[in-house]
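Each residue of the sequence shown is one higher than the one before, counting from 46 in the working numbering. Just below is one structure, and these are the notes that go with it.
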Amino acid sequence: MGPLLQVPSDRDRNRALDIFNRVTEKAGIGSHGLTVGVSGFGGTATALFPFVQDDEGMAANGSDLYVFCDLLAIAVSGAHPSGLVLRTLGQPQTVRGWKFIDGDPMPLNRAEAFTAYTLHPDADGPLIPLPGTEYADAPVIHI
């Protein structure tokens, strides 16, 4: 059984879709992965949305989008500690992150992103970043 999480409202779902659209727009051309994590009673739920963007648009799996946006809507509700990560694949791989405060995505700077994604509460110590990974300042997401 997964963690217990609040059911998002229709407003939360609409805001989640807006945030999703803005983040994927800012991702630009290339291969990317979005991960959302939401902590609830009994653990953390995560969802991954891999996608590729080119001049013609986005290629992705629609069922991944549904699961991802559903969990993103819970993050947007502000009821649980939550975060969002955008990984852009390539050489180097680039990582950007946001934490949700009262349901709003607040960008992390590169040092905050590094700290957030190389420390894990279940690990005995810091996680070693993958070689070729750069941490970058996340853009502001206006909603």
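Even for Gly, the Cβ is constructed at its ideal location relative to N, Cα and C.
- A contact between stretches requires three or more CB pairs, one per stretch, nearer than 8 Å, and the stretch 47-63 meets this requirement with the stretch 112-126.
- The C-alpha of PRO174 lies about 14 Å from the C-alpha of LEU134.
- Shown here for ARG155: same chain residues with a beta carbon closer than 7 Å to its own, the five before and five after excluded, namely TYR180, ALA181 and ASP182 in chain order.
- Within the same chain, Cβ atoms closer than 7 Å to the Cβ of PHE65 are found at CYS114 and LEU117, the five residues on either side in sequence being excluded.
- Under the 10 Å beta carbon count, ILE186 is surrounded by 16 or more other beta carbons and is classified as buried.
- Distance between ARG67 and SER54, taken at the CA atoms: about 20 Å.
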